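Beneath this line is the structure, given in C-alpha cells, with notes to follow.
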Amino acid sequence: MAAAPPKASPSAAVATKAASDKPAGGAVTAAGAVATAGTAETKAGAAMLGASFAPPPESAMPDGEYGKIIRLGEQVFTNTGQYAAKYVGNSLNCASCHLDAGRKTDSAPMWASFIHYPAFRSKTGQVDTLAARIQGCFEYSMNGKAPPQDDDLMTALQTYAFWLAKGAPVGTPVPGSGYPKLKKPATPADYVRGEAVYAQNCALCHGSDGQGQRSGDRQVFPPLWGPKSFNWGAGMHQLGNASGFIQANMPLGKGGSLSEQDAWDVAMYMNSHERPQDPRFAGSVEATRKKYHDSDDSMYGRTVNGKVLGAQ
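In this text, residue positions in the sequence shown follow the numbering used here: the first is 615, and each later residue adds one.
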C-alpha cells in the first residue's frame, strides 16, 4: 500500500516496525485535529532543501487527539494486516516497501507522498489525490480492496504522512522522494544471473522459495512472489521500480552494495515468478498485457520456463 510520488510505486522488500499501544480516536476527532494543526505542521514555503529531508523522529509525536491519530497511522502503516485486515489480501505491510515506517529516502517515503500530491499519474490517466493513491496501494500492492475515503484508517494514514512531512517544501523536488531510476543496463537483465544474485544476497531473509519468513502469526520478511505477495498491477512488478528499490535498499541494511547490473538481474528474477492477477484483468492475459503491460518493464504475459506469467 502506501503512497509514493508520481512515477514511483509500492510493493515488496523488508522492514516492519515494532508495535506500540493501539491509540484511540476516530475520523471525526481526527478531522478536527488535522484542521487545528494544519498550517502549524506544514510550511509550503519552506526553504529549498539540500542533500535530503529528515522527517521528525517518533519521539516528537505530539500528545492529545492529534497525536493519537498520528500513532494510529503509524500502526496501520507498520502492521497493516492487523489494523486494516478487511482491506488486505496478502502478507505485506506498507512498510515492506516504504522502509523505516515510511521515513527512509529512496524507498518512496510517506513524507514525500504528502508534499507531491495531488498529481497527474499516467497509470490512472488523471490527477490523483493522496487518498486515491493510498487506495490504489491497497488494491495493488496489498492485493486487497480500497478503503472508503472516510474510513478512520484513511484519515490516520494521511495524518501520519502529513506529520512526517513537517517542514518539507510542498511541490518541490526533494532528493530521495521516490525509488531511484537506474540507467538501463549495458547487458540486458538476465534470469539466470538474477537467480545467482538472489541465492547469494536475498534468500537468507526472503527464502529460497521467495515466500519470506514468519515468526508465529507475524510476517517478519515479506514474500516477493506467490499468492501472498503484491499483484501484477503493483508498481514493484515493473523492473525499473524493483531494480531501483533493490539497489538502494537491499540487502536490508546494506543498500548500495549490489551493482546496478545485479539489481536489474535480480529484479528480473523476482518478477519472473507468478503472483496474483492484475485487478484490471481485461478478459485474457494477451488483452491485459496489451492494455496495461505493453512494455519491456513488465514480465506480465511473457513466457518464462515454459509458463506464461499471469495465466495462472
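Built from N, CA and C at the ideal position, the CB exists for glycine as well.
Note that the structure is a prediction, hence the values are computed from the model and not measured.
Spatial neighbours of residue i within its chain, please: C-beta separation below 7 Å, excluding the five flanking residues on both sides.
i: K795; result: G854, G858
i: G703; result: M756, N757, G758
i: A647; result: Residue placement at A647 cannot be trusted, given a pLDDT of 39 that sits under 50; what the coordinates show is reported in the next sentence. Closer than 7 Å at Cβ, skipping near neighbours: E679, Y680, I683.
When you compare the CB positions of residue i and residue j, do they come within less than 8 Å of one another, or not?
i: W725; j: P669; result: yes
i: I729; j: P783; result: yes
i: V899; j: V880; result: no
i: G849; j: P837; result: no
i: S873; j: P865; result: no
i: N815; j: A856; result: no
i: G824; j: H887; result: yes
i: F752; j: Y701; result: yes
If you draw a straight line from the C-alpha of residue i to the C-alpha of residue j, how long is it?
i: E809; j: M913; result: 16 Å
i: W839; j: A733; result: 29 Å
i: F776; j: G924; result: 37 Å
i: Y883; j: D804; result: 7 Å
i: E744; j: Q772; result: The question names Glu, yet the displayed sequence has Leu at residue 744. Those two C-alpha atoms are separated by around 8 Å.
i: S673; j: W846; result: 37 Å
i: G695; j: S705; result: 7 Å
i: S721; j: G792; result: 6 Å
i: A877; j: I860; result: 6 Å
i: S710; j: Q833; result: 10 Å
i: V806; j: N693; result: 34 Å
i: T769; j: A760; result: 13 Å
i: R717; j: G830; result: 27 Å
i: S934; j: G915; result: Since the first and last residues shown for the chain are 615 and 926, residue 934 lies out of range.
i: L778; j: A817; result: 32 Å
i: A699; j: Q740; result: 29 Å
i: P723; j: N707; result: 14 Å
i: S909; j: D714; result: 31 Å
i: D677; j: L767; result: 19 Å
What is the DSSP secondary structure of residue i, reduced to helix, strand or coil?
i: Q891; result: coil
i: D804; result: coil
i: Q875; result: helix
i: R916; result: coil
i: K904; result: helix
i: Q827; result: strand
i: K797; result: coil
i: R747; result: helix
i: R717; result: coil
i: V899; result: helix
i: F691; result: helix
i: K842; result: coil
i: F776; result: helix
i: S814; result: What sits at residue 814 in the sequence shown is Gln, not Ser. Looking at Q814 - three-state DSSP - the assignment turns out to be helix.
i: A782; result: coil
i: Q696; result: helix
i: A733; result: strand
Kindly list the residues whose CB is nearer than 6 Å to the CB of residue i, restricted to its own chain and excluding five residues on each side of it in sequence; keep chain order.
i: G920; result: none
i: K905; result: A896
i: D742; result: R735
i: Y812; result: V880, Y883
i: P787; result: none
What residues in its chain sit with their C-beta under 8 Å from that of residue i, if we drop five residues either side in the sequence?
i: R894; result: G847, T902, K905, Y906
i: A862; result: D720, S721, Y793, P794, G869, G870
I want to check one thing, is the minimum distance from the CB of residue i to the heavy atoms of the ligand MG below 7 Å?
i: Q861; result: As far as ligands go, the structure on display features none, and thus does not contain the ligand MG.
My assumption, with CB atoms under 8 Å, is that residue i sits in contact with residue j. Please give the rounded CB distance.
i: E844; j: R889; result: Note that residue 844 is Phe in the sequence shown here, rather than Glu. Contact holds; Cβ gap of about 7 Å.
i: Q875; j: T801; result: 6 Å
i: F691; j: Y774; result: 6 Å
With a cut-off of 8 Å, does the C-beta of residue i fall near any C-beta of chain B?
i: A674; result: As a matter of chain content, chain B is missing from the structure shown, which is built from one protein chain.
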